[in-house]
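Notes for the one structure printed next.
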Amino acid sequence: MRPLLACVLGLSLPISAAAQRTPREIVDNVDRVLRGNSSHGKITMEVVTAHWQRRMDLAVWSLGTDYALIRIAAPPKDAGTATLKAGTEIWNYLPRVDRVIKLPSSLMGQAWMGSHFTNDDLVKESRIIEDYDITIGFEGMRQGVPVWEFVLTPKPDAAVIWGRIEEQVRRDNMMPTWARYYDERGTLSRTITFTEFRTLGGRLVPTVMTVVPTDKPDERTVIRYRDLAFDIGLEPSFFSLRQLRSGTE
Amino acid sequence: MTTSPWWRIGWRNLGRNPRRTVLTATGLAFGYWAVVVITGMADGLVADMVRTATGVLSGQVQAHAPTYLPDRTLYATIGGDEGVDVAALLAAVEAEPGVLGAAPRVYAGGLVSSGATTVGVLLLGADPAREESVSRLAAALVDGRLATAGARELLIGRELARQLDVAPGSELVVVAPAADGSLGNDLFTVAGLYASGIAELDARTAVGPIDAIQALLVLGSGRVHEIAIRIADPWSAPFIADSLARRVAAPGAYAIAFRPWTTFRPELVDYANLSSGSMWIVVLIVFAMAIFGVANTLLMTTFERRREFALLLALGATPAGIVRTVLAEAVALGVISILLGVVITVPVLVWWHYDPIDLSRLFGDFTMAGALVRPVLRTDYPVAMFFYAGGALLVTALLAALYPAYRATRVPPADTLAGR
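Protein chains in written order, with my numbering: chain A, 42 to 290; chain B, 10 to 429.
Pasting the structure below:
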């Protein structure tokens with residue numbers, strides 16, 4: 042859900058009327074406002090694992106919740122490698138062999154480019170409103186800041202991997218501060234924190250997002266937005282296999 | 010047999026009616042034969058299954074880094090991130106008595122893709138030259154040829170080839186997360202197809218030269234996940250694994266876990282135990298049938314000797330002495346039967362070991378417990394069963410003698426001697 046694209050696409054405008062809304066509307070709003078209609082961003086992704094750490098520069102395009110294209114710009118070894126999301130399908134372009142491969146559904150749970158995001162995070166992020174029941178778990182002051190803490194519980198028939206998601210949103214600027222993902226046994230699986238709120242592309246967004254898997258607290262994936270533009274007039278036709286292969290910006 | 014008169018009498022009685030004695034002993038000997046040969050066949054089938062199940066790929070002993078199992082992570086190579094001197098390690102393993110060969114391997118989860126089809130597979134990097142001495146994958150080749158060391162070539166299962174719609178010579182895109190965090194990807198050529206009969210291997214595994222797979226995964230040549238080891242006698246695997254663990258792992262700075270197939274294929278051990286357990290049912294049935302035949306014979310002989318028993322009793326022999334003669338006769342009969350049984354069993358075992366009964370024309374090959382089984386009844390040598398069956402035969406003879414012995418003690422001396 043929110044993970045990769047939401048962060049990639051930036052988050053939210055302050056919404057004064059938020060206080061009167063239902064939890065579902067607020068979460069939807071946080072989710073939706075972030076991505077604009079269409080967006081283009083430049084991101085640095087830093088992945089730290091027990092065995093290696095690496096930085097990748099990414100360029101990202103998105104349209105609504107259905108389309109996204111992510112292309113690696115650096116390091117040179119991986120430059121040109123790209124991922125296309127169209128609906129529930131994910132395609133990867135591998136410049137070294139000049140081939141496009143479609144990811145089989147059985148591998149949606151695999152890590153995306155070695156990060157702590159999965160391919161599933163790309164596909165499922167658009168479905169949070171449909172897949173989860175949303176309630177307020179806490180409303181009040183946390184460290185002197187008024188916040189909501191929402192509890193997202195999967196609907197009985199939803200095909201999701203999480204047992205529960207908790208998300209904290211600041212009431213004053215509608216910025217998310219963290220999201221915690223629990224597995225089906227109720228054990229905390231990973232935590233995403235949002236920090237360094239700045240204005241990019243004319244919107245206030247958390248420019249740094251950090252994912253820490255609970256079972257490997259020394260590992261993390263940090264996403265840092267360097268550049269963001271909203272509503273740039275992309276068409277669905279832009280998100281084609283041809284564009285995936287093209288390697289041009 | 011010379012110490013006690015009862016033994017002498019019992020033994021001599023067998024000679025009174027040699028034809029009957031020989032017939033009874035032959036019956037018991039055939040029971041013995043049946044039990045030992047059937048056990049030999051069952052053992053042979055189990056040994057064949059173990060040999061096939063471990064011989065196709067896994068080997069009978071495997072060496073890993075202690076942290077490699079059960080997660081099989083890419084980074085848990087033997088010797089850690091630095092790796093090891095693979096050639097020296099292989100030489101040390103092969104110096105162990107009973108070891109026939111050792112081969113290094115790397116494993117990784119990956120994707121193979123052709124056209125619009127992409128399948129998640131287990132990538133196995135193996136040393137083509139060394140695999141000959143460990144696994145029989147080469148024998149399972151049904152099309153094309155083996156992969157060449159250093160070349161970006163893959164052997165894939167026939168079922169995987171069907172799913173991908175490829176043939177030898179086709180190109181495959183291979184993608185796997187590499188050890189440096191990058192996405193390893195390259196083009197490989199399908200060199201050959203194999204059909205091992207093991208579903209997982211045929212549908213979800215791609216085998217390439219170890220150096221090419223290491224390059225794809227950005228692993229140095231000293232980094233391997235596994236040393237697969239083939240040994241002469243599968244049942245000695247636990248002992249060889251122990252010995253290797255003491256001898257090979259200790260001197261180095263790194264720990265290596267050696268596991269016998271009995272650990273990593275426990276279901277095969279379960280099957281072997283079930284098979285040998287069911288042999289006891291065969292023993293029970295065969296000797297339960299024999300017991301009545303023997304009892305009948307002994308009942309006849311004791312009845313014929315009523316006058317002799319009456320005389321002995323009249324002369325002051327105790328009933329216990331009478332019982333002892335009859336039991337001694339039974340034991341003597343049992344010993345003769347065992348000797349006869351061994352004489353007719355051993356040649357058949359040897360014969361069917363070297364020239365087994367082949368039922369494959371009737372049944373074809375089949376897969377059991379994930380192992381390809383050929384319906385060839387090659388007998389093994391069930392050494393323990395020789396003794397167990399012998400013991401069971403003696404117990405049978407003794408049990409069969411109890412009632413006739415009891416009857417012999419109940420002979421009324423005066424009436425019998427008087428002919429009444």
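Each residue gets a CB set at the ideal place from its N, CA and C atoms; glycine is no exception.
- Out of A:Gly150, A:His157, A:Phe235 and A:Ala120, the CA that lies nearest to the CA of A:Pro217 is found in A:Phe235.
- Contact annotation for B:Pro186 against chain A: Gln151, Ala152, Met154 and Gly155 [CB-CB distance below 9 Å, chain order].
- Judged by DSSP in its simplified three-state form, B:His234 adopts coil rather than helix or strand.
- Residue-level contact check: A:Leu285 does not touch chain B, since none of the beta carbons of chain B fall below 9 Å from its beta carbon.
- B:Ser284: not part of any beta strand (DSSP E); member of the alpha helix (DSSP H) spanning Pro275 to Glu313, first to last residue.
- Apart from the 5 residues on each side of it in sequence, B:Ser245 sits with its Cβ closer than 7 Å to the Cβ of Gly107 in its chain, given in chain order.
- Not flagged as an interface residue toward chain B: A:Ser230, since no C-beta distance is shorter than 9 Å.
- In the DSSP assignment, A:Tyr108 is bridged to A:Leu104 and A:Ala127.
- Annotation for B:Val357: the continuous alpha helix (DSSP H) segment containing it runs Pro328 to Tyr363.
- The continuous beta strand (DSSP E) containing B:Asn194 extends over residues Leu192 to Tyr203.
- For chain A, the residues of the segment 190-215 of chain B that bring a beta carbon within less than 8 Å of one of its beta carbons are Gly190, Ser191, Leu192, Asn194, Asp195 and Leu196, in chain order.
- DSSP, read as helix, strand or coil, puts A:Met182 in strand.
- Annotated as distal: B:Leu146 and B:Ala187, with beta-carbon spacing of 9 Å or more.
- Cβ-Cβ distances below 6 Å link B:Glu235 to Gln71, His73 and Arg114 in the same chain, with the five nearest sequence neighbours on each side left out; the list follows chain order.
- Partner residues in the beta bridge of B:Ser123, as assigned by DSSP, are B:Thr126.
- Its chain contains no residue whose beta carbon lies nearer than 6 Å to that of B:Val352 once the 5 sequence neighbours on both sides are disregarded.
- DSSP assignment within the segment 133-188 of chain B yields the following whole beta strand (DSSP E) runs of 3 residues or more, N-terminal first: 150-153, 162-166 and 180-186.
- With respect to the 9 Å criterion, B:Val291 and B:Val44 are classified as neighbours on the basis of their beta carbons.
- Within the same chain, and ignoring the five residues on either side of A:Asp119 in sequence, the residues whose Cβ sits closer than 6 Å to its Cβ are Ile113.
- 9 Å or more divides the Cβ of B:Pro422 from the Cβ of B:Ala337.
- For A:Trp153, the three-state secondary structure derived from DSSP is coil.
- DSSP places A:Leu241 in the uninterrupted beta strand (DSSP E) bounded by Leu229 to Leu241.
- If you draw a straight line from the Cα of B:Pro75 to the Cα of B:Val102, it is about 17 Å long.
- If you draw a 10 Å sphere on the C-beta of B:Met298, you find fewer than 16 other C-beta atoms in it, and that means exposed.
- Under a criterion of Cβ atoms nearer than 8 Å, the residues of chain A adjacent to B:Val182 are, in order, Leu135, Val138, Arg140 and Ile142.
- Using a 10 angstroms sphere on the CB of A:Lys257, the tally of other CB atoms stays under 16, which defines it as exposed.
- At a cut-off of 9 Å between beta carbons, B:Tyr77 makes no contact with chain A.
- Taking a cut-off of 8 Å on C-beta distances, the segment 181-201 of chain B touches the segment 128-136 of chain A, as three or more cross pairs fall below it.
- According to the DSSP assignment, B:Gln69 belongs to no alpha helix (DSSP H), since it is labelled neither H nor E.
- Taking 9 Å as the threshold, the shortest C-beta distance from A:Trp93 to chain B falls below it.
- The beta-bridge partner set that DSSP reports for B:Tyr84 is empty.
- Using beta-carbon distances, B:Ser122 counts as an interface residue toward chain A, with a partner under 9 Å.
- With respect to B:Ala417, B:Val340 sits apart: the two C-beta atoms are not nearer than 9 Å.
- Note: A:Val138 is not bridge-paired with any residue in the DSSP secondary-structure output.
- Selection B:Tyr41, B:Pro243, B:Arg17 and B:Gly92 evaluated against B:Val59 yields B:Pro243 as nearest (Cα-Cα).
- For the set A:Asp172, A:Arg211, A:Ser287 and A:Leu163, the Cα lying nearest the Cα of A:Gln184 is the one of A:Arg211.
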